[in-house]
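Before any comments, here is the structure.
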Amino acid sequence: MNILIDIAGAGILLYAVVTLPRNIRKGRALRAEAKAKAPVNIDPAKYGLVPAAQLDKRFAGPDPEADAVAAAALAGDWRQAAAYLAGAGRDWDLRWYRLGILTHAAVEDDAWLKAWRTEYPGDPSAVLVHADALVSLAGKVRGAKLAKHTTAEQFEGFHRLLAEALPACQEAAWMAPEDPCPWIAQISIAVGLGWSHDDFRALWAEITARDPHHFGAHMSALQYWCAKWRGSHELMYAFADQAAAAAPQGSLLPVLRLDALMEHAFREPKAPVYNQPFVQSAVDATLDAVDRAPAGHHRLPAVRHLLADALFQTKRYAEAVEQFRAIGGYVGSTPWTYSANPVKAFVFARTNTFVAWEKAGRPAPPPRGHSLGY
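Under my numbering, the first residue of the sequence shown carries the number 36, and numbering increases by one thereafter.
Right, here's the structure in full:
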């Protein structure tokens, strides 16, 4: 009997010796996993950052002039809108950017645009705003959800408005033959209606004949060539690489490669997209372009958003801190707008950037040289 008790006692002791440390290790692992999954938080004020509740979801960055013009247009003052667009002169990308401001206002309320076109029916700029507003309205009717979550009625309205927009764009192009903007507006039509590669290349030839390095045109064309629309990862990267390589000094087009990376990562979230060999050089080239750009460049805020995300994805936290600070309180740009909750996506990247930077001892960004190529 005592022997049986001794054997049983030894078995219990052996079980305890083997099992308890294993359970302790398992408990520690579970606690570590839970800690890793727990939301990371920082005090934005400690770093001079804008709190999440105050972030602006509408715009990539501040543009008081654009705000004033849009407000005036919605109040019925089309003359200020016309002067704003005319003020871009032959800076075609600035004209395209300003057209976007007016188009957004026209989609919200087009009474001012109708008044403009009534008083000056032959004004090429008024015709252009009308044409691009039809394209934007088509996108609004379709919505931003995947095709499987889009109704037949939405698709019908989308295709109908795009078909209506095409002759309007062609009219605007006929009225201002030197302006690439009516042609650029057709890129979204080509994407939505599924133009063939040959037809799209013919459209692209018209655009580049007028402005070979137009920033907005290239960003729009990347959508055509990406896998979710009419191309593939390979075609998208080839387009971005070619544009970045040909970009003149002072251009922000090197960011096109980061835009391509973001599109790829969005399409394949589990793929090691940011481990590709060219990624670091693409980030470096964009950093260089941002450093060279004038402080008030109209494209700089949007470029900084893509750059900040790429620096975060590649764990270059000290440099990402710079960009997040420069961005300030705006989240209305890709990549954040690809999320159902842009503020949450932005705050996640920003917070984890600052936490990692803090853990590393707040290192200064490495010195950067300015290379001529990418």
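Just so you know, even glycine gets a beta-carbon here, dropped at the ideal spot from N, CA and C.
Rounded Cβ spacing between residue i and residue j (contact assumed at less than 8 Å)
i: His249; j: Ile242; result: 7 Å
i: Tyr365; j: Ala103; result: The pair is not a contact, with the Cβ atoms about 17 Å apart (cut-off 8 Å).
i: Ala279; j: Ala343; result: About 19 Å; that fails the 8 Å criterion.
i: Glu259; j: Phe235; result: Per the sequence shown, residue 259 should be read as Tyr rather than Glu. Sure, about 6 Å apart at Cβ, within 8 Å.
i: Ala166; j: Ala220; result: 6 Å
i: Pro307; j: Ala353; result: Not really, about 23 Å apart at Cβ, beyond 8 Å.
i: Gly251; j: Asp128; result: 5 Å
Given residue i as reference, the closest of the options once Cα atoms are compared
i: Gln277; options: Gly364, Gly285, Pro289 and Gln311; result: Pro289
i: Cys204; options: Leu129, His232, Ala179 and Ser171; result: Ser171
i: Thr369; options: Ile224, Leu169 and Pro336; result: Pro336
i: Arg133; options: Ala123, Val142 and Ala281; result: Ala123
i: Phe313; options: Leu84, Val75, Ala275 and Glu206; result: Ala275
i: Val226; options: Cys216, His194, Ala244 and Trp209; result: His194
i: Val338; options: Gly192, Ala87 and Trp371; result: Trp371
i: Glu357; options: Pro377, Ala380, Arg385 and Ala375; result: Arg385
i: Pro283; options: Ser316, Arg265 and Ala324; result: Ala324
i: Ala88; options: Val382, Pro202 and Gly396; result: Val382
i: Pro159; options: Thr185, Pro217, Pro79 and Ala395; result: Pro217
i: Pro402; options: Thr186, Leu322, Thr185 and Ala345; result: Leu322
i: Arg152; options: Leu84, Phe190 and Trp113; result: Trp113
i: Leu293; options: Ser316, Pro304 and Glu303; result: Ser316
i: Pro215; options: Arg130, Asp78 and Ala182; result: Arg130
i: Ala345; options: Ala244, Val378 and His299; result: His299
Within 7 Å, strictly: CB atoms of residue i and residue j
i: Leu291; j: His253; result: yes
i: Leu169; j: Glu199; result: yes
i: Tyr309; j: Gln348; result: yes
i: Leu228; j: Leu197; result: yes
i: Ala179; j: Ala140; result: no
i: Asp144; j: Leu90; result: no
i: Val75; j: Asn376; result: no
i: Ala121; j: Gln115; result: no
i: Gly410; j: Val176; result: No answer is possible for residue 410: it lies beyond the span of the chain, which begins at 36 and ends at 409.
i: Arg415; j: Leu287; result: With the chain covering 36 to 409 only, the question about residue 415 has no answer from this structure.
i: Phe389; j: Tyr82; result: yes
i: Ser255; j: Ile224; result: no
Identity of the residues DSSP links to residue i by a beta bridge
i: Tyr309; result: None, per the DSSP bridge assignment.
i: Tyr365; result: Asp91
Proximity test, residue i beta-carbon vs the ligand NAP heavy atom, cut-off 6 Å
i: His165; result: By its list of ligands, the structure shown contains no ligand whatsoever, and the ligand NAP lies outside what it can speak to.
- Uninterrupted beta strand (DSSP E) stretches inside the region 147-234 (no shorter than 3 residues): none
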